[in-house]
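Student: Numbering (the UniProt record's numbering), first residue to last: 1 to 158.
Note that beta-carbon positions come from the ideal geometry of N, C-alpha and C, so glycine has one too.
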Amino acid sequence: MAHIEIERKFLVAGDSYKETATSHIHMAQGYICRESGRTVRVRRAGDLGWLTIKGPSAGNGLSRFEWETEIAAGDAEDLMKLCQAGIIEKIRHIVPFEGHVFEVDEFLGANLGLTVAEIELENESEPFCRPEWLGEEVTGDRRYYNSMLAEAPFSTWK
1 MAHIEIERKF LVAGDSYKET ATSHIHMAQG YICRESGRTV RVRRAGDLGW LTIKGPSAGN
61 GLSRFEWETE IAAGDAEDLM KLCQAGIIEK IRHIVPFEGH VFEVDEFLGA NLGLTVAEIE
121 LENESEPFCR PEWLGEEVTG DRRYYNSMLA EAPFSTWK
């Protein structure tokens, strides 16, 4: 089902978020298409896979079109072979906080050292409480989009 994804993205200060994480999973994802204004992503996490199509971000970076469907893990593995160079690997931690859920991605490989938290919201002005480990907001900063990290990894930044 097509919908609009509304999310805010933050750097993470420290690792105290792990104390309240309810789960974590290793993910690998690649991009069949990684163009300005549209991406086609394949993701594998455990025994599950997903195919996701995203449209361009709004000017403020808060929202964009997203369509996603679950696929078999084997199909995800097969599709990963079609992806452009730059597979992203990360450990995703699910961290509930004050009525919301933060997805904290601890990047591996060429993006090692980068940890980013995302929160999905119902609308762009929805209020939420900030945990003490939530750092600088980077919503709309394209460098932190996973598709960009696949192309220009954190380890190459100056």
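Should Ala2 be labelled buried (16 or more other beta-carbon atoms within 10 Å of its own) or exposed?
Tutor: Note that Ala2 scores 46 on pLDDT, short of 50, meaning its location in the model is unreliable; the coordinates nonetheless yield the value given after this. Exposed, by the Cβ-count rule.
Student: Hey, Val138 and Leu79 are a contact pair by Cβ (cut 8 Å); roughly how many whole angstroms apart?
Tutor: 28 Å between Cβ atoms; not a contact.
Student: When the Cα atoms are used, what is the spatial distance from Ser57 to Glu66?
Tutor: 10 Å
Student: Between Ser155 and the rest of its own chain, which residues show a CB-CB distance below 8 Å, the 5 nearest in sequence each way excluded?
Tutor: Ala110, Asn111, Leu112 and Gly113
Student: Exposed or buried, what is Glu77 when buried is set at 16 or more other beta-carbons lying within 10 Å of its beta-carbon?
Tutor: exposed
Student: Are the Cβ atoms of Thr52 and Glu68 separated by less than 8 Å?
Tutor: yes
Student: In whole angstroms, what is the alpha-carbon distance linking Lys81 and Ile25?
Tutor: In this structure, the CA atom of Lys81 is about 22 Å from the CA atom of Ile25.
Student: Please list the terminal residues of the continuous alpha helix (DSSP H) segment that includes Gly74.
Tutor: Ala73 to Met80
Student: Flag this pair as touching only if the segment 91 to 99 and the segment 126 to 136 have three or more C-beta atom pairs under 8 Å; answer yes or no.
Tutor: Three or more pairs of CB atoms, one per stretch, sit closer than 8 Å, so the segment 91 to 99 contacts the segment 126 to 136.
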